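Working notes, beginning with the structure itself.
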Amino acid sequence: MNFIFISPNFPENYWKFCESLRINGVNVLGIGDQPYEALSYECKHSLQEYYYVNDMNDYEQLFKAVAFFSYKYGKIDWLESNNEYWMRYDAKLRTDFHITTGYQEDEVEMVRNKALMKKGYLKAHIKSARQIEVQSYPQVKDFVQKCGYPCIAKPKDGVGAFQTYRLNCDEDVEKFMKQPHENYVMEEFIEGTIVTYDGIVDSLGTIILETSHVFPVGIMDIVNQKNHLAYYSEREIPSDLKKAGKAVLKAFKAKGRWFHLEFFRLAHDKEGMGKKDDLIGLEVNMRVPGGYTADMIDYANEIDAYQIWADMVCGYGARSLKKAPYYGYMHHKNIIGTIVIAQKIFCKPMVHIYGCMNICQKYGRMPWEMKHLSLVLKRWTKYMHL
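Note that the sequence shown ends on residue 394 in this note's numbering; no numbers are left out.
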């Protein structure tokens, strides 16, 4: 099997996907914008060959790279980046080279365009915030009169909370409208906690890995207020979240890939939307949860999520997962403060495994993940001993 992995060097933990494929005997071919000499040892070791391009946004360079691999190794079976930013390029390359294992060029917009996502939510019978595609000031003012302040402005095809704004008054709207806004949507503000349904579906759309995460502080507030990032995984997925997540996956025809589905859990009753604790669709992301979440999933569930994905690619049978033995908790910045928050959430002591001497004693060195990941694991009944 020939698998082209787009940008195996970034994010820097993505070489693990390539390594897991290599373990399964897959011929892994990388395309990236980092010179080969600058790749990490792990990334180099996970690839059969690497093709350097100096601009990943230049489709002609990507096309030539795939053409080279096709000529040298034959039919390409898979092409994937597992990265939302490159999804359109992934889809176009698959279409141009007749690679059928993944979204095609005429399918990818449904999972990238935030305006088109609303159609998927309707099909899944999941409520979502009212939205307009920003066109004119009078149109925006009319929308605000209907929905009230605050409201949210965000790119139609943005990644995460980048260039997302909370508009609290007329002055904010006027300031926003003076900026380029041709590719923006505006939504009513939903007050609630962000919860996610994350995992992997196989080529038939069957879920082979599922988990959930809770964000006590929303990503938009973290970005705009330069706050610290903190979120944790659930040991058991709430039944309503699992039901909603499965409906969304079916509506968006998710197959053979990771998924990261975001919902609001309402903080209070909202007229026309739902009751307190009801789920409201936020965004659909058909890729790996961001940052080092895949590593957190590994530790919290005592599994290898990278290998589960690679096994799915190779058509190996799915493994059943039981209740997670741990909660996973991740944070950046303000470490002491986030530990205090976490202990209040879980109401039990936490074991911070970053920097633990017994990890070094066990492995002889600090594992790669521990150098980059501030991760806390908590056993439900007792301290975790590694």
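Cβ coordinates follow ideal geometry from the N, Cα and C atoms, glycine included. Keep in mind the model is a prediction, meaning the values are calculated, not measured.
Quiz item: Do you know how far the Cα of V61 is from the Cα of P158?
Solution: Take the alpha-carbon of P158 and the one of V61: they are about 43 Å apart.
Quiz item: How about E310 and K122: do their beta carbons lie closer than 8 Å?
Solution: No.
Quiz item: Mapping DSSP to helix, strand and coil, what is D98?
Solution: Under the three-state reduction of DSSP output, D98 falls in the helix class.
Exercise. Report all residues from its chain with a CB closer than 6 Å to the CB of M64; omit the five preceding and five following residues, and keep chain order.
Key: Within the same chain, and ignoring the five residues on either side of M64 in sequence, the residues whose Cβ sits closer than 6 Å to its Cβ are D41.
Practice problem: May I have the straight-line CA-CA distance separating S28 from S89, to the nearest angstrom? | Solution: Taking the straight line from one Cα to the other gives about 14 Å.
Quiz item: Bridge partners of T219, per DSSP?
Solution: Answer is D206, bridged to T219.
Exercise. Measure the CB-CB distance between V256 and G128 and report whether it falls below 8 Å.
Key: Contact flag set, yes.
Quiz item: Whole-angstrom Cβ separation of V193 and V148, contact assumed at under 8 Å?
Solution: Not confirmed; about 11 Å, so no contact.
Practice problem: Just the C-alpha distance for Y205 and E115, rounded to the nearest angstrom, thanks. | Solution: Between Y205 and E115, the C-alpha separation is close to 22 Å.
Self-check item: Three-state class that DSSP yields for K283 in the structure shown
Solution: If DSSP states are grouped into helix, strand and coil, K283 belongs with coil.
Self-check item: DSSP beta-bridge partners of T201
Solution: Answer is R273.
Quiz item: Can you give the beta carbon distance from F18 to L37, rounded, assuming they're within the 8 Å contact cut?
Solution: No, F18 and L37 are not in contact; Cβ-Cβ is about 17 Å, not under 8 Å.
Quiz prompt | C-alpha distance - E218 paired with R273, whole-angstrom precision | solution = Going from the Cα of E218 to the Cα of R273 covers about 19 Å.
Exercise. Could you work out which residue in E20, E50, I14 is closest to Q69 when comparing CA atoms only?
Key: For Q69, the nearest C-alpha among the options comes from I14.
Practice problem: For M43, name the three-state secondary structure that DSSP assigns. | Solution: A small fix is needed here, since residue 43 is Pro in this sequence, not Met. P43: coil per DSSP, three-state reduction.
Quiz item: Would you call T301 buried or exposed, if buried means 16 or more other Cβ atoms sit within 10 Å of its Cβ?
Solution: Around the Cβ of T301, a 10 Å sphere holds 16 or more other Cβ atoms; the residue is buried.
Practice problem: If I'm right that R102 touches G110 with Cβ under 8 Å, what's the distance once you round it to whole angstroms? | Solution: About 5 Å; that satisfies the 8 Å criterion.
Quiz item: In the structure shown, what three-state DSSP assignment does N293 receive?
Solution: In the structure shown, N293 sits in a strand (DSSP, three-state: E or B).
Quiz item: Comparing the C-beta of D85 with each C-beta of chain B, is any distance below 8 Å?
Solution: Among the protein chains of the structure shown there is no chain B, as only one such chain exists.
Practice problem: Report the residue from A99, D104, K72, T108 whose alpha carbon sits nearest the alpha carbon of D85. | Solution: Checked all of A99, D104, K72, T108; the closest Cα to D85 is T108.
Exercise. Check whether the Cβ atoms of R30 and S48 sit closer than 8 Å, and answer yes or no.
Key: No, the Cβ-Cβ distance between R30 and S48 is not below 8 Å.
Quiz item: Under three-state DSSP, which class holds V119?
Solution: The DSSP-derived three-state label of V119 is helix.
Practice problem: Assign F11 to one of three DSSP states: helix, strand, or coil. | Solution: The three-state secondary structure of F11, taken from DSSP, is strand.
Exercise. With DSSP as the reference, label V36 as helix, strand or coil.
Key: If DSSP states are grouped into helix, strand and coil, V36 belongs with the strands.
Practice problem: Report the partner residues of W86 according to the DSSP bridge assignment. | Solution: In the DSSP assignment, W86 is bridged to F11.
Quiz item: What beta strand (DSSP E) runs, 3 residues minimum, are completely inside the region 106-162?
Solution: Within the region 106-162, complete beta strand (DSSP E) segments of at least 3 residues are found at 139-141, given in chain order.
Quiz item: Sorted by chain position, which residues of the same chain lie with C-beta nearer than 6 Å to Q315's C-beta, five sequence neighbours on each side aside?
Solution: Excluding sequence positions up to five before and after Q315, its CB lies within less than 6 Å of the CB of S28, all in the same chain and listed in chain order.
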